[in-house]
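The structure appears below as structure tokens.
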Amino acid sequence: MSRSINLAVIPGDGIGQEVVAQGLKVLRAVLPQDVKLETKEYDLGAQRWHRTGETLPDAELEALKGHDAILLGAIGDPSVPSGVLERGLLLKLRFAFDHFINLRPSKLFPNTATPLAGRPDIDFVVVREGTEGPYTGNGGSLRTGTPAEVATEVSVNTAYGVERVVRDAFERANARPRKKLTLVHKNNVLVYAGHMWKNIFDRVAAEYPEVTTDYLHVDAATIFFVTQPERFDVIVTDNLFGDILTDLAAAVTGGIGLAASGNINPTGTFPSMFEPVHGSAPDIAGQGKADPTATVLSVALLLRHLGHETEAARIEDAVSADLAERDGGASRTTEQIGDALAVRVAD
Ligand code: NAI
Ligand code: MG
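When you read off a place in the sequence shown, starting at 1, and then add 3, the result is the number in my numbering.
Set out below in structure tokens:
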């Protein structure tokens, strides 16, 4: 556990600016006096791109490397062509900093609305591979724009990449009370990648006799997310399946305003990056309507990653207590929610 945190802050676009301000407020309120927090803001995102044409210049990538962690709001705006900021900024950061763990906890907090009948007990975490699969840009198109166009998007899976994410997931499962790990893939159809994932999973499982293991095809997993979400504890899966599954997980656990995530490099070679799952929400930007809770919960993941478990748990308890007292009808502003959480964690 470090006595100082040198944090890079990328508020980004739209509500990213609004929710990050509240995340920082809660972070400052929760840290003990003797932990020194230094923050440096980076101007990256749609506005920067419009102004200068830059997405993530090398000098800034270099500067970001020097921080202990990164807090990101959201990147993106309808005025920027699709793919420019996703590939040029978000994916570039994940690949450059080798964020091979994409961690997305899903918990149904008290008093939050779920579309699922009977309020099942939901508390699981998805460990999504973050650097391989179909997201590496390994593909291309031929005869582009003609009726004979050919497009490929090759899914890249390495034994090295799979083993490190599988090991991380076993460690996380072993540290939780239920000690259950489910591998999600589609190895009946995607036989080459699927069998490699399954073989590596089974081999590593032998080293964790206390962890109960399970395998599900991704299509079956979507059914169980809705019909039996309580069966899951930790899930490990590939980049694309994890992306889709975690949006569904957010939808059944109270929505996008609560979903937190971490892009983690567990080796510590590069800073890890924490961000709400949601985007810049141009439809409500600048109106004080955004729920900052997902960002505040991402700050908790950040603190846990840096070894500040007590403070992380205090934030999660504060969110739980705040949600328990929320009145579905009365809406508070982004700032009011941030203030309420800051007061609770400081108690
Ligand atoms: P979005 O997540 O920004 O918004 C989807 C819907 O959820 C909207 O109706 C929005 O008002 C609502 N919403 C989102 N966050 C909320 C919050 N904290 N509180 C209350 N309501 C909230 O997704 P959308 O509209 O598809 O994308 C908007 C932009 O964000 C696009 O440019 C997209 O590329 C970008 N984006 C960026 C991400 C990132 O930075 N990691 C992730 C997802 C989208
Ligand atoms: Mg997504």
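Every residue, glycine too, gets a C-beta built ideally from N, C-alpha and C.
All values derive from a computational prediction rather than experimental measurement.
Every beta strand (DSSP E) of 3 residues or more that sits fully in the stretch 88-166 is shown, in chain order, as 104-110, 126-132, 142-145 and 153-156. Excluding residues up to 5 positions away in sequence, Leu40 lie with their Cβ nearer than 7 Å to the Cβ of Arg31 in the same chain. Relative to ligand 1, the beta carbon of Pro137 is positioned no closer than 7 Å to any heavy atom. Taking the CA atoms as reference points, Val33 sits about 56 Å from Arg146.
Taking the Cα positions, Ala208 is about 48 Å away from Gly56.
Neighbourhood of ligand 1, defined by CB distance below 5 Å to any of its heavy atoms: Ala77, Ile78, Gly79, Ile259, Gly260, His281, Gly282, Ser283, Ala284, Asp286, Ile287, Ala293 and Asp294, in chain order.
For Tyr218, the enclosing beta strand (DSSP E) covers residues Thr215 to His220. Residue burial is scored here from C-beta neighbours: Pro232 has at least 16 other C-beta atoms within 10 angstroms and is therefore classed as buried. The beta carbon of Thr215 sits closer than 7 Å to those of Lys182 and Lys183, all from its chain and outside the five residues before and after it, given in chain order. A buried status is given to Arg307, since no fewer than 16 other beta-carbon atoms sit within 10 Å of its beta-carbon. In this structure, the alpha-carbon of Arg170 lies about 16 Å from that of Asn266. Going by C-alpha positions, Arg97 is about 11 Å away from Tyr138.
DSSP, read as helix, strand or coil, puts Glu328 in coil. Here Pro232 carries a helix assignment [DSSP, helix/strand/coil]. A check of alpha carbon separations from Gln50 across Pro108, Gln25 and Ser283 identifies Ser283 as the nearest. Pairing Ala254 with Pro279 gives a Cβ-Cβ distance that is not under 8 Å.
In its chain, beyond the 5 residues on either side, Ala11 have a beta carbon closer than 6 Å to the beta carbon of Leu67. For Ile73, the uninterrupted beta strand (DSSP E) run begins and ends at Ala72 to Ala77, by DSSP.
By the Cβ-count criterion, Pro274 is buried, with 16 or more other Cβ atoms from all chains shown falling within 10 Å of its own Cβ. For Ile125, the closest C-alpha among the options Leu92, Pro113, Glu135 and Val348 is that of Pro113. For Asn202, the enclosing alpha helix (DSSP H) starts and ends at Val194 to Ala208.
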